[in-house]
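J.: With the sequence shown counted from 1, adding 234 to any position gets you our numbering.
Got a structure for you, questions after.
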Amino acid sequence: MSQVTIIIPTLNRHNLLLRAIDYYQHFDCNILVADSSAIKENCKFPDNFIYKHLPGIGFAKKLLEVAKDVTTPYVCLVADDDYLLESSLKAGANFLDANLDYVSAQGRYLGFELIENQVIFSTKYGRTESNYAVEAEDRFSRLAEAFNPCMHHLYAIHRTDLLVKSFQLPG
């Protein structure tokens, strides 16, 4: 099995979850679904999926609930309408293996949409810098630097232990 576990948080978007299941079912990794919808999804999940129905639980709490059961060294949060390349997950894990001073790795996001019968591709989430690092001296400055402008860093590949610790912090 892979060094990376995928977590797919979802809420009231079972149609998108079913598409994600179809896409990720052949990946060589475990995939945890954290569903806080009121109605449970009753599809047959592939063997590499674990579905947790957590109705009414907030985003951070449901991520902690599933992340604490992850046994791989790395975890990647994936929106229910995003699609990763398996080779990119492996590349991210290899990068983190080789760079112990990094806590996470993130690649580029591409968006696509159909406009007047043409598929239009674009970069998603604005800023896409290679070798981006947050290096401010104190923790508050690092947070401000990391999220200004917002980088959607939550959907990176993270070291599992550090991600779990971050969701356990008070507040």
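Note that the Cβ used here is the ideal one computed from N, Cα and C, for glycine as well.
Owing to the predicted nature of the structure, the values given are computational and were not obtained by experimental measurement.
Which residues does DSSP list as the beta-bridge partners of phenylalanine 283?
T.: DSSP, once it has assigned bridges, lists Ile265 as partnering phenylalanine 283.
J.: When the Cα of aspartate 395 is compared with those of Cys310, Glu350, Lys274, which residue comes out closest?
T.: If we check each option's Cα against that of aspartate 395, Cys310 comes out closest.
J.: Would you say the segment 280-296 touches the segment 264-272, given that touching needs at least three Cβ pairs under 8 Å?
T.: As far as the Cβ criterion goes, the segment 280-296 touches the segment 264-272, which means the pair count is three or higher.
J.: According to DSSP, valine 309 sits in a beta bridge with which residue or residues?
T.: Note: valine 309 sits in a beta bridge opposite Thr239, His392.
J.: How far does the alpha helix (DSSP H) with glutamate 299 in it reach, from first residue to last?
T.: Start and end: 293-301.
J.: Please state whether the Cβ-Cβ distance between alanine 268 and lysine 286 is less than 7 Å.
T.: Yes, the pair counts as a contact, with Cβ atoms nearer than the cut-off.
J.: Quickly, what does DSSP pair isoleucine 349 with across the bridge? List them, please.
T.: DSSP, once it has assigned bridges, lists Gln352 as partnering isoleucine 349.
J.: With H, G and I counted as helix, E and B as strand and the rest as coil, what does DSSP make of serine 321?
T.: Helix.
J.: With DSSP collapsed to three states, give me the class of phenylalanine 329.
T.: It is helical.
J.: Give the C-beta separation of leucine 388 and alanine 301 to the nearest angstrom, bearing in mind that I take them to be a contact with Cβ-Cβ under 8 Å.
T.: Leucine 388 to alanine 301, Cβ: 12 Å. No contact.
J.: For the alpha helix (DSSP H) containing tyrosine 257, name the first residue and the last one.
T.: From DSSP, the alpha helix (DSSP H) with tyrosine 257 extends over 248-258.
J.: Would you grab the beta carbon distance between glutamate 275 and leucine 251 for me? Rounded to a whole angstrom, and I think it's under 8 Å.
T.: Right, the Cβ-Cβ distance comes to about 6 Å (below 8 Å), so this counts as a contact.
J.: I believe histidine 392 touches valine 337 by the beta-carbon criterion, under 8 Å. Please report the beta-carbon distance rounded to the nearest angstrom.
T.: That belief holds up - the Cβ atoms of histidine 392 and valine 337 are roughly 7 Å apart, short of 8 Å.
J.: Leaving out five residues on either side along the sequence, give the residues of the same chain with a beta carbon under 8 Å from the beta carbon of glutamate 299.
T.: Around glutamate 299: Ala268, Lys286, Leu288, Ile291.
J.: Thinking just about the alpha-carbon of each residue, which of Leu297, Asp372, Thr244 is nearest to the one in lysine 399?
T.: Selected option, being the one with the closest Cα: Leu297.
J.: Can you tell me which residues form a DSSP beta bridge with alanine 370?
T.: Paired residue(s): none; alanine 370 is not in a bridge.
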